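Here is the structure we will look at, set down as structure tokens.
In this note's numbering, the protein residues as written are 161 to 270.
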């Protein structure tokens, strides 16, 4: 499977939109991409839009949680946008939604 990433600067944060599958075959490229985004905006907010993501495996969850911690270490924040459904349920089931703020849309990420 493949994963597409696109970035958009919106107000004081970077919106990273992902489309595809976040799994063992795509996490290395995703990690590199998100590390670059976080390092370019120390102290800033990065919002990852997961609405077009079909699935996230444990490796993908690990990358997202690890990068959230890294952003916080540098005075920033990482938040997830994920509509209610299977992926949102998985975030709740694994406890990821307690480690990273998860919102249903960009407007509620403030």
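C-beta: ideal position from N, C-alpha, C; glycine also. Every value quoted in this text rests on a predicted model; they were computed, and no experiment measured them.
As assigned by DSSP and simplified to three states, the class of residue i
{"i": "residue 191", "result": "helix"}
{"i": "residue 264", "result": "coil"}
{"i": "residue 218", "result": "helix"}
{"i": "residue 183", "result": "coil"}
{"i": "residue 255", "result": "coil"}
{"i": "residue 232", "result": "helix"}
{"i": "residue 201", "result": "coil"}
Exposed unless 16 or more other CB atoms sit within 10 angstroms - verdict on residue i
{"i": "residue 188", "result": "exposed"}
{"i": "residue 220", "result": "buried"}
{"i": "residue 239", "result": "buried"}
{"i": "residue 190", "result": "buried"}
{"i": "residue 252", "result": "exposed"}
{"i": "residue 215", "result": "exposed"}
Short Cβ contact (7 Å threshold) for residue i with residue j
{"i": "residue 211", "j": "residue 243", "result": "yes"}
{"i": "residue 163", "j": "residue 186", "result": "yes"}
{"i": "residue 255", "j": "residue 235", "result": "no"}
{"i": "residue 176", "j": "residue 183", "result": "no"}
Beta bridge counterpart(s) of residue i as assigned by DSSP
{"i": "residue 245", "result": "Residue 245 is not bridged to any residue."}
{"i": "residue 177", "result": "166, 209"}
{"i": "residue 239", "result": "207, 261"}
Own chain partners of residue i with C-beta closer than 7 Å, once the 5 adjacent residues on each side are dropped
{"i": "residue 193", "result": "165"}
Beta carbon proximity, residue i to chain D, threshold 7 Å
{"i": "residue 265", "result": "Here chain D cannot be found, since the structure has a single protein chain."}
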